[in-house]
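S.K.: Below you will find the structure I want to go over with you.
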Amino acid sequence: MSVKIVTDSTVDLLPETIKELGITVVPVYVMSGNKTYRDGLDISQTEIYNRMLAGEQFTTSQPTPADFANAYKTLSKETDQIVSLIMSSKLSGTYNSAVQGRELSKSSSNIELIDTKATSGALGLLATQAAEMAKMGESAGKIIDTIRNNIPHVHIWALLDTVKYVLRSGRLSSASNLISGVLSIRPMITLRDGSLWPASIHRTRNKGIEKLTELVKSNRNLEAVQIVQSVDLVEAQSMKEKLADFIDQSKIHISQLGPALGVHGGPGTLVVAIREKLSGIGTAISDETEDKKSFKLPSIHLPKLGFSSLH
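See below:
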């Protein structure tokens, strides 16, 4: 029996990729008024962004333990090995729902849960890698070890076109007073050990995109790149072309930001995630070479960003 891969809908992979790799996706919920939608099933990305631009407000809620239990029960009829990759537990209660769902399922299968400390394109890169390994017949143990080893070598940045949606959603904590008066800025955020942090601030979108491209090119050890666009596919394709001389185009994938995260970032959010090659990392090299090959996350002196749980 082959290993089955489960993840949540913040994975932001194309439907055809999910189908081709046989990934089971448990949806996050998106709500507006008294209506509840399953992310990726009941409402499209285009519809939700159009409604947001028209002024409609949305909130999100994590999957229930029963949602995960049902997924595990269904897959247990096909396999005795399930690997479940979940978005960062520091961003959402989704991981806790997955833990409770495993117990609730009373499955006889071995279900391994991994807190990826990631979301969106970063989670997508890890889920894709796990699913490709499963498709090749690799064991659950090897998949789990590989993914856990890769987690520190997956990086992600999100350029917001405005801060108004994330402020409105209540997902900003200590930084809100600092930036609430300057809605025209384009902040870039990143993940560090599963938590959101400011990366940089830009006065124009073009400057922000230049910075995203620079961040990708500053890494000399790339295995894969995921570009996640919300409303501008042409912009994402343009970025891919700019990276053409830097990394094989077959290793750059474009997808669309799903409602679960788009609700908080807003239309115009552009996400870029990279996965480094594990080969060569940690080998003894000269200081000069290390400076050229090592990858450092950008930082600025701003408060840590905190997202309350998806509740």
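If you're matching positions, the sequence shown starts at 3 in the working numbering and goes up one per residue. Heads up, the beta-carbon is just placed ideally off N, CA and C, and yes, glycines get one too. Just so it is clear, the structure is predicted and the values come from calculations on it, not from any experiment.
Anyone know if the C-beta pair for Tyr-74 and Ile-113 falls short of 8 angstroms?
M.R.: The residue given as residue 74 occupies position 72 in the sequence shown. The residue given as residue 113 occupies position 111 in the sequence shown. Result yes, Cβ atoms of Tyr-74 and Ile-113 sit closer than 8 angstroms.
S.K.: Sorted by chain position, which residues of the same chain lie with C-beta nearer than 6 angstroms to Tyr-97's C-beta, five sequence neighbours on each side aside?
M.R.: What you label residue 97 is simply residue 95 of the sequence shown in a count that begins at 1. Closer than 6 angstroms at Cβ, skipping near neighbours: Ile-88, Ser-91, Asp-117.
S.K.: Between the C-alpha atoms of Ser-281 and Lys-244, what's the straight-line distance to the nearest angstrom?
M.R.: Locating residue 281 in the sequence shown gives position 279, where the first residue counts as 1. Locating residue 244 in the sequence shown gives position 242, where the first residue counts as 1. Those two C-alpha atoms are separated by around 25 angstroms.
S.K.: Which first and last residues belong to the alpha helix (DSSP H) in which Gln-102 is found?
M.R.: Along the sequence shown, read from residue 1 onward, the residue named residue 102 stands at position 100. First-last of the alpha helix (DSSP H) with Gln-102: 96–107.
S.K.: Measure the Cβ-Cβ separation of Lys-137 and Glu-80 and say whether it is below 8 angstroms.
M.R.: Against the sequence shown, residue 137 aligns to sequence position 135. Against the sequence shown, residue 80 aligns to sequence position 78. Not in contact: Lys-137 and Glu-80 (Cβ atoms no closer than 8 angstroms).
S.K.: With a threshold of 7 angstroms (Cβ to nearest heavy atom), would Glu-105 be considered close to the ligand SAM?
M.R.: In the structure shown, the ligand SAM is absent, as is every other ligand, since no ligand is present at all.
S.K.: Would you be able to state if there are at least three C-beta pairs under 8 angstroms between the segment 16–31 and the segment 50–65?
M.R.: The segment 50–65 is in contact with the segment 16–31.
S.K.: Between the Cα of Arg-228 and those of Arg-40, Arg-53, Ala-129, Asn-208, spot the shortest distance and give me the residue it belongs to.
M.R.: On the sequence shown, residue 228 is found 226 positions in, with the first residue counted as 1. One detail in the question is off: residue 228 reads as Gln in this sequence, not Arg. It is Ala-129.
S.K.: Considering only C-alpha positions, which residue in the set Val-101, Glu-105, Lys-108, Asn-152 is nearest to Lys-119?
M.R.: The count along the sequence shown starts at 1 and reaches residue 119 at position 117. Minimum Cα distance to Lys-119 is reached at Asn-152.
S.K.: Give a yes or no on contact between the segment 137–150 and the segment 249–258, applying the rule of three or more CB pairs nearer than 8 angstroms.
M.R.: No, because fewer than three Cβ pairs between the segment 137–150 and the segment 249–258 fall closer than 8 angstroms, the two stretches do not touch.
S.K.: Nearest by alpha-carbon distance to Val-274: which of Glu-58, Thr-76, Leu-127 is it?
M.R.: Position 272 of the sequence shown holds residue 274. Checking every option, the nearest Cα to that of Val-274 belongs to Leu-127.
S.K.: By the 10 Å Cβ neighbour count, where 16 or more other Cβ atoms means buried, how is Asn-221 classified, buried or exposed?
M.R.: In the sequence shown, the residue the question calls residue 221 occupies position 219. Buried is the call here.
S.K.: Along the chain, which unbroken stretches of the alpha helix (DSSP H) at least 4 residues long are found entirely within the segment 54–83?
M.R.: Segments of the alpha helix (DSSP H) lying fully in the segment 54–83: 67–78.
S.K.: Would you call the CB atoms of Leu-326 and Ser-232 closer than 8 angstroms?
M.R.: Residue 326 falls outside the range modelled here, since the chain spans only 3 to 313, and no answer is possible.
S.K.: Please return the same chain residues whose Cβ sits closer than 6 angstroms to the Cβ of Leu-23, not counting the five positions on each side in sequence.
M.R.: Sequence index remark: in the sequence shown, residue 23 carries index 21 (1-based). Only Ala-133 meet the Cβ criterion.
S.K.: Going by DSSP, name the residue or residues bridged to Ala-160.
M.R.: Within the sequence shown, the letter at position 158 stands for residue 160. Ala-160 is bridged to Ile-191, Val-273.
S.K.: Do you know offhand how far Thr-9's Cα is from Gly-57's?
M.R.: Translated into positions along the sequence shown, residue 9 becomes position 7. Translated into positions along the sequence shown, residue 57 becomes position 55. Their Cα atoms are separated by approximately 31 angstroms.
S.K.: Between Ile-84 and Leu-115, what straight-line distance do the alpha-carbon atoms span, to the nearest angstrom?
M.R.: Locating residue 84 in the sequence shown gives position 82, counting from the first residue. Locating residue 115 in the sequence shown gives position 113, counting from the first residue. Roughly 9 angstroms between the two C-alpha positions.
S.K.: Pick helix, strand or coil for Asp-41, following the three-state DSSP scheme.
M.R.: Taking the sequence shown and counting its residues from 1, the one referred to as residue 41 is at position 39. Strand at Asp-41.
S.K.: Mind checking who Gln-228 pairs with in its DSSP beta bridge?
M.R.: Looking up residue 228 in the sequence shown gives position 226. Answer is His-255, Ala-275, bridged to Gln-228.
S.K.: Looking at the unbroken alpha helix (DSSP H) that takes in Ser-240, where does it start and where does it end?
M.R.: Taking the first residue of the sequence shown as 1, we reach residue 240 at position 238. 235–244 is the span of the alpha helix (DSSP H), which, as asked, contains Ser-240.
S.K.: Rounded to a whole number of angstroms, what is the C-alpha to C-alpha distance between Glu-290 and Asp-41?
M.R.: For the purposes of this step, residue 290 is taken as residue 288 along the sequence shown, with counting starting at 1. For the purposes of this step, residue 41 is taken as residue 39 along the sequence shown, with counting starting at 1. A caution first: Glu-290 carries a pLDDT of 36, below 50, which makes its placement in the model unreliable, though a value can still be read off. Rounded to the nearest angstrom, the two C-alpha atoms are 47 angstroms apart.
S.K.: If you follow the beta strand (DSSP E) that Thr-26 is part of, which residue opens it and which one closes it?
M.R.: Here residue 26 refers to the residue found at position 24 of the sequence shown. Run containing Thr-26: 26–28, per the beta strand (DSSP E) assignment.
S.K.: Can Leu-161 and Leu-93 be called in contact, C-beta distance under 8 angstroms?
M.R.: Position 159 of the sequence shown, counted from the first residue, corresponds to residue 161. Position 91 of the sequence shown, counted from the first residue, corresponds to residue 93. Result no, Cβ atoms of Leu-161 and Leu-93 do not sit closer than 8 angstroms.
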